[in-house]
Every structure is written in C-alpha cells, then in structure tokens.
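>
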Amino acid sequence: MIFSIAFYQGETIVANKQEEHITYSRRQADEVKSANSRPTKAKARTSYSIAVASNHRFYIFLFSLVMGLTSVANPLLTDFANPTQMVHLYTGQMMSHGHLPYLDTFATGGFLFYALIALSYFLGSSLWLMVVEFLAFYMSGIYFYKIISFLTSKTDMGMTFTAIFYLLNLALGFGGLYPIQWAFPFILNALWFLTKYFAGHINDEAFIIYGFFGTLAALIDPRSLIFWGLSFIIIGIYNFLQRHFARGFYQLLCMIFGAILVYYTVGFFVLNMGNLSDYVTQALFYNFKVFAVGSDSLLITLPYQILALAGSGLLLGLFGFFGHLGRVLEFKTVKWLSFFTLIFSLIIGIFSQSYFVFSLLLALPFGLILTALVINDRINEGADGNQKETGGTHRRKRTTHESQGGYWATFAKGHFQLPVLVMIVGIATPIVLGVLSVDTNRERKNISNYLKANTSDSSIIYVWDKSSKIYLDTGLQSTSQFPNPVVNTSTKTNSQKRNDDVLQAKARYVVVNKSEKIPSEVSSFLKSNYKKISLDNSDHFTLYQKK
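For the sequence shown, counting from 1, position 378 maps to 378 in our numbering; every step adds exactly one.
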C-alpha cells in the first residue's frame, strides 16, 4: 500500500522539459511575479509531462522483476546473503514472534523496514518480500528514468542510465534487502517533486505529500534524513532568496502535517512497545555516529571503497559538477541538492571499514544523476562540433554513438570499462562465496535439525558465526542483542555487550564456527560452563550444551 500511494502520486504529477525555452534565471523571475499575485499557489502555465515509453516501461519492469527474484528473501538464495542481510531477516522474523527490534535486537534500520519483514513472516514466508522488492525497484526505476530524461532531454539516455542504476544496485547490493533500496522510491519521488517545484509547477499544498513521503523514507532508512535535511535547507534558502516568506511558512506547515500523518500512527506502536529511546539511540544516533559496518583496517578498506566508487562511475559527476554548472544554468538548485547529498553519502560509504560495498548504495542515485549530466554535456558538445563541420545546418545530425546506442559506451569507455568489471565482480562474488559454502551450509542445516529436535520454541541459543542461517532455520531467539558477532559490533561498547550477553549463560546451546575468532574470555567460559555435543559430519562447527 505504501509503495502504491507513492507510485500513484508520481504518475499523476508529471513534467516535460522540452517545451521550456527560457533560461533558468528568467523562469524564476516569472515565478516571483506570479507568486506576488497568488502567494499560496504556483501557477502551472505549461503542461509538463515525461511519458515513459511502453518499451522503456517494459525494460524497467523486467529489471525490477530480476531484482525481486534475486533477492535473498527468496529461500533458494538466502544462503548467498551476507551477515547484514541475514541480521535483517532475523530481526524481522523475531519481530513476528513478539521480540522487538531496538530492544531485543540491536537494529539500525527503520521501524517500517522491520515491520514489513515481520509481516512477511507473519504471512508464512519471506517470499512476500520479493513482491516488496519488485515494487520498490519498479517505482525507483520510473522516477529515476523521469529525472534523467527531464534533465538531459533524452529519453534514451534516461533508459540507459536507469539500466545502469539497476545493474549497480545488483552489483553493490546483491540480494537486496537493504533499507535504503526500499527508501529509494520516496527519495527519487521527492527529487522529481523538487525539480518541478523549482520550475514553478507544484502547488504548495502538495508539500503535504512531500512531508508524508519524507517521513515514510526516514522510517524505512534513517540515513535518508541526509537527503531530507539538505532538501529542507535548500527549500528554505530558495524561499528566502525569492522572498517567499509566507509561502515558505505555509509549505512548512504542509510538510509538518504530512509528517504527523505518519508519525502519529507509527509513534503509537513505538511508544506502546516502550522502545522509543532505544530506537532513537540505534536507528538515529548510531547511524550518524558510527560509519563502520565492519572491523577491517581502514588503511585497506578506504582505498578499496574509493576504487569501487570510481569504478562504478559515481565520481565523474562529482568532479565534473562545476564544469557542468558553468555550461548549463537550468535547474541548478536541484543539481546542488544532488551534489551535497552525494558528498555526505560518500563520507558514510567510504569509511565503512568493510570489503562489502553496500554502504555506497546511499550515494548511487545522486552520483549517477550528476554523471549523466556530465556525459550529456560531452555528447552535446560533440553534436555541436558535427553541426559546425556540416556548415551549421539547423537539422540536428545524429552522432555515431547515439545511432549505435552508445550512451552506455560513452559511460563505460569514460571509465576505462571499470563499470563492467565492478558489475561482474559485484554480482559474481556472492555467488562464488555461496557455492564455496555449500558444505558449511549443509552442516548448519544439520545443526538446525538437531536444535529443533532438542529445544522448545522458548529456548534461547547463540550462534558465533557470520551466517544467521541457524537462527532462521530454527526460529530460535539469540541470547544477545547482537545475534551475529560481526554485525554492529565494530565499537568496543557493542562488542563488549555481545560478550557479556553470552557470559550470562542464558543460552541453552551455543554454536561456534571454528574458523571464527572468539575472545579468550568467551572461549574459557564455554569450556567451563558448557559441554561439547558430538555431531556427525560437523567439521566446521562445535556445538555446546549448557551443563
């Protein structure tokens, strides 16, 4: 329902740049004159529409279907999930059993994110999440296509970069199930909304929807507040420079009203569960205080993340941004918003202290938008050169790379084919790791069967393993807020809290992956208070039972 509302709003409010022939500054001047006579409404003098061609809509549908089918929510692909994705599934599963995120499990995603996962388990299967993934990616693709097509005046380029958007989502975040991917529809809808607003084609009352969607996005992934906070500041600066004081205040009231519609409902559940303070501490403060998602050396992971970033093509727009603004004046406010959001998103991504690159997803749409603008400038300059060589004819000559569908070629060659390498490696790596872990996963399944046969639904266990497969297979609760020993434990406080939870000896069984490093205090405690259980065909794990 949430995603359906977002799609309906985006389809009914559309824009078409092709009829716009005046400069950005003159258009804003006209808007000021109109605003003086009608302070609460931006008069839509031009019918703006970016119609998604049927073949392009079909391509977006196919890409979205692939993203949904390859989700690790698919039980056939769950073994390919990384530790973070596994913990997301575990948290939602436990929530469906009445164990609360932020209180019983340390969680950094938004409340609605885990609520949707819990709902799927409540309905009987994580397969329902594949539908959510499909809808999220489909709507993200539609809005991303509209933005690129509008800013470049080229629908073919819009489709090319939308395809790149999907491929990089697959490469950087294989398997999906990341909160930011579910928040993309609302973020891109908002960017599309602001593009039309700064052109003077949005009524002030529409900011109710803007506030509504902004709140939904924040409750799915709190890190999306980077975009919403920056957009709020830029809207305020814009209204101040245009002397739209009354309009700005009215828009603020509309945004607050839209936000209240969401917070009133969600806040009711959060307050009743009694985990509001934990929610604020983990979902808000922790996300913006601790960028590390792993414990690897920053000296190695930092250049690794920057290399992945450059290879993905996201840095071209960053470094070519000022050159683009010098050539194209239109819609500079939206471009500045994308630029600043990209900067702050990259800071979070490159300091992740991990070899997983899903932290770069936050910067993905903004980096690609700016990169598309820079590449569009290069194509236009090439077309202008061809026109001069043919005697300045008014008939636009079709360039070689356009006739050959070479927007992709321009993008790939401009990065020395590194995007192709990033996509291949990003998609292949989790698949290869999953295949290599077949024997280990078979042992996990055997241990799960033993635990299900020797425990009750209320039993508590702990699994010292990077995979949470045993939790998911058994449905048993972890004795610690940190069910996975390597997720959200990069700080000394959290790692010590994890150790202390295990040392309380509440777990009836403890499963240890022999390849994982265990603190000496935990190892000694297990030897003193637990006994080993011998299992056949369990070479990679040790199973402990409480004495």
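C-beta atoms are modelled at their ideal positions from N, C-alpha and C, and glycine is treated no differently.
Just so it is clear, the structure is predicted and the values come from calculations on it, not from any experiment.
In whole angstroms, what separates the C-alpha of Phe-213 from that of Gly-258?
About 8 angstroms.
> Taking the straight line between their C-alpha atoms, what separation do you get for Lys-497 and Leu-543?
If I take the Cα positions, the gap works out to 22 angstroms.
> Around the Cβ of Val-432, are there at least 16 other Cβ atoms within 10 angstroms (buried) or fewer (exposed)?
Exposed, by the Cβ-count rule.
> Does Ile-300 pass the burial test, meaning 16 or more other C-beta atoms within 10 Å, or should it be called exposed?
By the neighbour-count rule (16 or more Cβ atoms within 10 Å), Ile-300 is not buried but exposed.
> Just mark Ile-148 as buried or exposed, buried being the case when its beta carbon has 16 or more other beta carbons within 10 Å.
By the neighbour-count rule (16 or more Cβ atoms within 10 Å), Ile-148 is buried.
> Below 8 angstroms, how does it come out for the region 461 to 476 and the region 510 to 518: are there three or more Cβ pairs, yes or no?
Contact between the region 461 to 476 and the region 510 to 518 is present, because at least three Cβ pairs lie under 8 angstroms.
> Compute the Euclidean distance between the alpha carbons of Ala-453 and Ser-126, then round it to the nearest angstrom.
Roughly 23 angstroms between the two C-alpha positions.
> Grab me the residues of Phe-322's own chain with a C-beta within less than 6 angstroms of its C-beta, minus the 5 sequence neighbours each way, in chain order.
So no residue of the chain qualifies.
> State the DSSP-derived secondary structure class of Leu-89, mapped to helix, strand or coil.
Residue state, collapsed to three classes: helix.
> If you count every other CB in all the chains shown that lies within 10 Å of the CB of His-540, and 16 or more means buried, which is it?
His-540 should be labelled buried.
> Based on Cα-Cα distance, which residue from Phe-174, Glu-521, Leu-337 and Arg-223 lies nearest to Ala-283?
Residue Arg-223 is the option with its Cα nearest to Ala-283.
> Just mark Asp-204 as buried or exposed, buried being the case when its beta carbon has 16 or more other beta carbons within 10 Å.
It counts as buried.
> Can you give me the C-alpha to C-alpha distance between Ala-171 and Ser-534, rounded to a whole angstrom?
About 40 angstroms.
> For Ser-437 and Ser-140, what's the separation of their Cα atoms in angstroms?
Using only the alpha carbons, I get a separation of about 33 angstroms.
> DSSP beta-bridge partners for Leu-543?
Note: Leu-543 sits in a beta bridge opposite Val-511 and Ile-533.
> Find out if the Cβ-Cβ distance for the pair Asn-488, Thr-108 is shorter than 8 angstroms.
Contact flag set, yes.
> From Leu-276 to Phe-144, what does the alpha carbon distance come to, in whole angstroms?
Cα to Cα, the separation comes out at about 34 angstroms.
> Note down the Cα distance separating Ala-308 from Asn-82, rounded to an integer number of angstroms.
If I take the Cα positions, the gap works out to 18 angstroms.
> Buried or exposed for Ala-372, going by 16 or more other Cβ atoms inside 10 Å?
Label assigned to Ala-372: buried.
> Buried or exposed for Gly-98, please, with buried defined as at least 16 other CB atoms from any protein chain shown within 10 angstroms of its CB.
The residue is exposed, with fewer than 16 neighbouring Cβ atoms inside 10 Å.
> Among Leu-364, Met-67 and His-415, which residue has its Cα nearest to the Cα of Gly-175?
Answer by Cα proximity: Met-67.
> When you compare the region 472 to 482 with the region 501 to 510, are there three or more beta-carbon pairs, one atom per stretch, that lie closer than 8 angstroms?
As far as the Cβ criterion goes, the region 472 to 482 touches the region 501 to 510, which means the pair count is three or higher.
> Enumerate, from N- to C-terminal direction, the unbroken alpha helix (DSSP H) stretches of 4 or more residues contained entirely within the region 284 to 321.
The qualifying runs are 298 to 311 and 315 to 319.
> At the level of alpha carbons, what is the spacing between Arg-57 and Tyr-166?
Rounded to the nearest angstrom, the two C-alpha atoms are 14 angstroms apart.
> Label Phe-285 either buried or exposed according to how many other C-beta atoms from any shown protein chain fall within 10 Å of its C-beta, with 16 as the threshold for buried.
Per the 10 Å Cβ criterion, exposed.
> What residues are listed by DSSP as bridge partners for Val-463?
Its beta-bridge partners are Val-511.
> To the nearest angstrom, report how far apart Phe-356 and Gly-406 are at their CA atoms.
Answer to the nearest angstrom: the Cα atoms are 31 angstroms apart.
> Along the chain, where does the alpha helix (DSSP H) containing Asn-55 start, and where does it finish?
Asn-55 -> alpha helix (DSSP H) spans 54 to 69.
> So is Thr-393 buried or exposed if we call it buried at 16+ other beta carbons inside 10 Å?
The predicted position of Thr-393 is uncertain, since its pLDDT is 49 and thus under 50; a value taken from the coordinates is nonetheless stated next. Classification for Thr-393: exposed.
> Which residues mark the beginning and the end of the alpha helix (DSSP H) in which Glu-133 is found?
Note, Glu-133: alpha helix (DSSP H), 128 to 152.
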